[in-house]
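Those letters in the sequence shown? Residues 1 to 875, by the UniProt record's numbering. Remarks on the structure that follows.
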Amino acid sequence: MQIADKYSPQEIESKWYDYWMEHRLFHSEPDEREPYTIVIPPPNVTGMLHMGHMLNNTLQDVLVRRARMQGKNACWVPGTDHASIATEAKVVAKLKAEGIEKSSLSREEFLRHAWDWKEKYGGVILQQLRKLGASCDWERTCFTMDEARTESVLRVFCDLYEKGLIYRGVRMVNWDPSAQTALSDEEVVFKESHGKLYYLRYRVEGTDRTIIVATTRPETILGDTALCVNPDDERYAWLPEDARVIVPLVGRSVPVIRDTYVDIAFGTGALKVTPAHDVNDYMLGEKYGLESIDIFNDDGTINDKVGLYAGMERFALRKQIEKDLDAAGLLEKTEDYTNNVGYSERTGVAIEPKLSMQWFLSMEKLAGPATRAVLEDEIKLVPEKYKNTYRHWMENIKDWCISRQLWWGQRIPAWYLPQGGYVVALNADEALEKARAKSGDASLTLADLRQDEDVLDTWFSSWLWPISVFDGIRRPNNKDIEYYYPTNDLVTGPDIIFFWVARMIMAGYEYRGEKPFGHVYFTGIVRDKIGRKMSKQLGNSPDPLDLIAQFGADGMRVAMLLSSSAGNDVMFDEALCEQGRNFGNKIWNAYRLVNGWTIDDTLAQSENNRLAIEWFRQALAKTLRQVESDFASYRISEAFMNLYKLFWDDFSGWYLEMIKPAYQCPIDRPTLEATCGFFDDLLRLLHPFMPFVTEEIWQDLAPRKAGESIMVQRMPEAREIDEALLGRFELTKEVVTAVRNVRKQKNIPQKDPLTLRVIADENYPAEYAPVLQKMGNLSQIETTREKDPSAVGFLVKTTQYFVPMEGMIDIEAERKKLAGELEYLEGFLASVQKKLSNERFVSSAPEKVVANERTKQADAEAKIAALREQLAALK
Numbered sequence: 001m002q003i004a005d006k007y008s009p010q011e012i013e014s015k016w017y018d019y020w021m022e023h024r025l026f027h028s029e030p031d032e033r034e035p036y037t038i039v040i041p042p043p044n045v046t047g048m049l050h051m052g053h054m055l056n057n058t059l060q061d062v063l064v065r066r067a068r069m070q071g072k073n074a075c076w077v078p079g080t081d082h083a084s085i086a087t088e089a090k091v092v093a094k095l096k097a098e099g100i101e102k103s104s105l106s107r108e109e110f111l112r113h114a115w116d117w118k119e120k121y122g123g124v125i126l127q128q129l130r131k132l133g134a135s136c137d138w139e140r141t142c143f144t145m146d147e148a149r150t151e152s153v154l155r156v157f158c159d160l161y162e163k164g165l166i167y168r169g170v171r172m173v174n175w176d177p178s179a180q181t182a183l184s185d186e187e188v189v190f191k192e193s194h195g196k197l198y199y200l201r202y203r204v205e206g207t208d209r210t211i212i213v214a215t216t217r218p219e220t221i222l223g224d225t226a227l228c229v230n231p232d233d234e235r236y237a238w239l240p241e242d243a244r245v246i247v248p249l250v251g252r253s254v255p256v257i258r259d260t261y262v263d264i265a266f267g268t269g270a271l272k273v274t275p276a277h278d279v280n281d282y283m284l285g286e287k288y289g290l291e292s293i294d295i296f297n298d299d300g301t302i303n304d305k306v307g308l309y310a311g312m313e314r315f316a317l318r319k320q321i322e323k324d325l326d327a328a329g330l331l332e333k334t335e336d337y338t339n340n341v342g343y344s345e346r347t348g349v350a351i352e353p354k355l356s357m358q359w360f361l362s363m364e365k366l367a368g369p370a371t372r373a374v375l376e377d378e379i380k381l382v383p384e385k386y387k388n389t390y391r392h393w394m395e396n397i398k399d400w401c402i403s404r405q406l407w408w409g410q411r412i413p414a415w416y417l418p419q420g421g422y423v424v425a426l427n428a429d430e431a432l433e434k435a436r437a438k439s440g441d442a443s444l445t446l447a448d449l450r451q452d453e454d455v456l457d458t459w460f461s462s463w464l465w466p467i468s469v470f471d472g473i474r475r476p477n478n479k480d481i482e483y484y485y486p487t488n489d490l491v492t493g494p495d496i497i498f499f500w501v502a503r504m505i506m507a508g509y510e511y512r513g514e515k516p517f518g519h520v521y522f523t524g525i526v527r528d529k530i531g532r533k534m535s536k537q538l539g540n541s542p543d544p545l546d547l548i549a550q551f552g553a554d555g556m557r558v559a560m561l562l563s564s565s566a567g568n569d570v571m572f573d574e575a576l577c578e579q580g581r582n583f584g585n586k587i588w589n590a591y592r593l594v595n596g597w598t599i600d601d602t603l604a605q606s607e608n609n610r611l612a613i614e615w616f617r618q619a620l621a622k623t624l625r626q627v628e629s630d631f632a633s634y635r636i637s638e639a640f641m642n643l644y645k646l647f648w649d650d651f652s653g654w655y656l657e658m659i660k661p662a663y664q665c666p667i668d669r670p671t672l673e674a675t676c677g678f679f680d681d682l683l684r685l686l687h688p689f690m691p692f693v694t695e696e697i698w699q700d701l702a703p704r705k706a707g708e709s710i711m712v713q714r715m716p717e718a719r720e721i722d723e724a725l726l727g728r729f730e731l732t733k734e735v736v737t738a739v740r741n742v743r744k745q746k747n748i749p750q751k752d753p754l755t756l757r758v759i760a761d762e763n764y765p766a767e768y769a770p771v772l773q774k775m776g777n778l779s780q781i782e783t784t785r786e787k788d789p790s791a792v793g794f795l796v797k798t799t800q801y802f803v804p805m806e807g808m809i810d811i812e813a814e815r816k817k818l819a820g821e822l823e824y825l826e827g828f829l830a831s832v833q834k835k836l837s838n839e840r841f842v843s844s845a846p847e848k849v850v851a852n853e854r855t856k857q858a859d860a861e862a863k864i865a866a867l868r869e870q871l872a873a874l875k
């Protein structure tokens, strides 16, 4: 294979991905090797690749490719999540566009449409991940609603029910009127909302007096069943114990209750109580035995229970009821008011607190082992700061509302009996058997039973993911689950630490008796370069596939790595993609340079080349050790940056320049072979980060057999590091840099050789004189005992160096230049001395300001003395 002249990611990336797939290099089966397992956070089946996916999956691919190259049996399991709410919304919208209402379909008909939609669009995001280079074991692809995962979910539901941990009851839930389903607390996002505070008049029954009540939701007066005041509030001491008030507009007589729950300082100190539509009011209702009147239909419109405003949409009613209260003289006033309102994370609509019959999972028992595992570092969170967040949530955990009022999802395996009650069973036949036993009626048929209409929360599927992808629920002792579980690393966002991470840990201890993973690496949020979260709404989120098409997958991966570290937000700038592509180009051109050299076996290796090889071997070893340390601490971006600098600065900027033969001249064999060995090591180290360009070059570096790939080669092994040698070479680099600066300052071309004089001491790297000569283009290096005032001098550590200028520069022009600099500095010094001779300034100015002026004086005096010395030497 002959490598192309120009680096073109588009021409190599699909070729190598197809090659890896053809030779099944991503596939894993249990064997005698140490396993390394990652399960992908399953993206929604509705999803398309976005920048968050790019970050998350780049990091996972780096980890799994590196593990493969460490000789581990690496298995990265991909899959998708059925996403009940989002997918059902997509299917409903599609049907509506075709003139079909969901309500006109049976459950079975709707599910046929949903499965058709899933088959058509559900795999798009996984196909897109291939463009990124994701080395998933695609043969193991799972779906949270496929047969194996669905049976696993139903088995777990039945098991937890039998253990007494799942129960059914009417509770206050977060209701999404758009999706028409309950939501868990974690699916509610609170946003600052601007509205009004309405002051309403409640007339005290049997009197002409009124109590003013402040509320942000006047429409809920339709469900008021009490008014509450604080018993310590002297403003209401006049109210009799059995006082009642009339609900405005509704005309309902309700009791006045007294409870310290009411904040005397808020509003008027009087609270309307609507038990069916506020979680705190619900608790008051439970405490005082109040009636709960649900005023809303599932879609957020008003029902006909009260007889007023039936069918009106809730926010339209708010406007109307304000007018009607005002017209009836029952509205004292309104005020602008800002408060936090809960919105559905899935549909974006304001949620309604609503009493509803739901299924719940009791969490207290499950939370115990999962809390301990993280607090005792059996499972380590990266960064560790999330441990406190996790602890707080787990110690205040609430029961999980696991039912959803949808059709797309795993249907709750509960069947209701004709005479009341229900049974929970894995399937209909088992349910019938249990129903006959429970009722004592052997004549019951399936037609007599009614299965629960609700489905399970999507997270009730994905909390089993590390177990269910290896079929560990249905077949708990199968070879895959025994070999691959527990998994090693989980890479995810901190926004689902409770939705998913905590629940997976609970499931792991409940169903495997051990942790589901060893480390959780939390990524940050991808933001644009001015700090805004990337989103379609803001229009600041580029299409990752467009970026890959423009800059290549390797360039895109580098961009994500350059801008991220664990737990920190990612400030993404498209310029980073260009930087990534440029790095790929740097690797490509470095290889073309080396590949273009010819060997002359009669050439002996020069001392310069020997020294260069000796140094770079140490530089490589030191970086390798640092990279291993970075990975051990999950500093993945830092590991890449260390390799980036090693290749760009040390290998390309120094090593290749040190050994590069003169134009059209050959190189000795030992040097070229060592260089190709270094290149091989560097490609292996870089491969997890940049898989495509490294594969292309590695395949060209030496003859390869079919099916061979860099991705299954071993990583370079750590070597001993000679820190003293590296320190001496750093001195050498400083000297070369200083000589080059002299050339730049004095406008001396690189092709013109210079002489270097040195007053040698312990910091003079004499052993690297051959390197100094080549890299600095020095005709000779002379040791001396005296300063050379006619030369340009510089200091490296304690060593003094001088570059003679005889014949190198125009003396008259240099004298003129130095004289100009001297004149400027003398004027500057005079102005500083004038300021310091002013006693008022010295006595009244801050000490720091005066000290700064004295520093300026000393610096100027030193520079003037040096310039005068140089001018004297030029006479």
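Backbone N, C-alpha and C fix where the C-beta goes; we use that ideal spot for every residue, glycine too. What you are looking at is a predicted structure, and each value in this text was computed from that prediction instead of being measured.
By DSSP, does residue i sit in helix, in strand, or in coil?
| i | result |
| --- | --- |
| residue 876 | Nothing can be reported for residue 876, as the shown portion of the chain is limited to 1 through 875. |
| residue 117 | helix |
| residue 188 | strand |
| residue 639 | helix |
| residue 214 | strand |
| residue 533 | strand |
| residue 737 | helix |
| residue 596 | coil |
| residue 194 | strand |
| residue 350 | strand |
| residue 76 | strand |
| residue 67 | helix |
| residue 35 | strand |
Might you give, ordered along the chain, the residues of its own chain that have their beta carbon closer than 7 angstroms to the beta carbon of residue i, omitting 5 neighbours on each side?
| i | result |
| --- | --- |
| residue 613 | 671, 674 |
| residue 402 | 359, 360, 361, 456, 457, 460 |
By Cβ distance, which residues of its chain are closer than 6 angstroms to residue i, with the 5 residues on each side in sequence left out?
| i | result |
| --- | --- |
| residue 108 | none |
| residue 44 | 81, 83, 86 |
| residue 798 | 761, 763 |
| residue 650 | 619 |
Between the Cα of residue i and the Cα atoms of the options, which residue gives the shortest distance?
| i | options | result |
| --- | --- | --- |
| residue 485 | 497, 491, 472 | 472 |
| residue 46 | 160, 63, 143, 580 | 143 |
| residue 787 | 550, 708, 174, 802 | 802 |
| residue 18 | 130, 30, 104 | 130 |
| residue 896 | 658, 354, 651 | The chain is shown from 1 up to 875; residue 896 falls before or after that span and cannot be answered. |
| residue 41 | 125, 271, 98 | 125 |
| residue 620 | 723, 422, 244, 322 | 723 |
| residue 858 | 837, 870, 829, 234 | 829 |
| residue 881 | 325, 304, 284 | The shown model of the chain, from 1 to 875, leaves out residue 881, and the question about it has no answer. |
| residue 282 | 174, 835, 715, 302 | 174 |
| residue 356 | 312, 169, 220 | 169 |
| residue 540 | 528, 547, 114 | 528 |
| residue 683 | 754, 590, 733 | 590 |
Can you find the residues in the same chain that come closer than 8 angstroms, C-beta to C-beta, to residue i, ignoring five residues on each side of it along the sequence?
| i | result |
| --- | --- |
| residue 825 | 860, 863, 864, 867 |
| residue 10 | 549, 552 |
| residue 840 | none |
| residue 586 | 647, 648, 652 |
Please name the residue or residues paired with residue i in a DSSP beta bridge.
| i | result |
| --- | --- |
| residue 380 | 519 |
| residue 415 | 423, 451 |
| residue 296 | 302 |
> Three or more C-beta pairs closer than 8 angstroms, one from the stretch 166 to 184 and one from the stretch 341 to 352: is that the case here?
Replying inline: yes
> Okay, do the stretch 208 to 220 and the stretch 265 to 277 touch, 3+ Cβ pairs below 8 angstroms being the bar?
Replying inline: yes
>> Between the stretch 565 to 576 and the stretch 615 to 632, can you find at least three pairs of beta-carbon atoms closer than 8 angstroms?
In response: no
>> Can you confirm whether the stretch 292 to 307 touches the stretch 193 to 202 when touching is taken to mean that 3 or more C-beta pairs between the two stretches lie within less than 8 angstroms?
In response: Result no; under three Cβ-Cβ pairs closer than 8 angstroms.
>> Count Cβ pairs between the stretch 706 to 723 and the stretch 19 to 34 that sit closer than 8 angstroms; are there 3 or more?
In response: yes
>> Pairs of beta-carbons, one from the stretch 679 to 698 and one from the stretch 48 to 67, closer than 8 angstroms: are there three or more?
In response: yes
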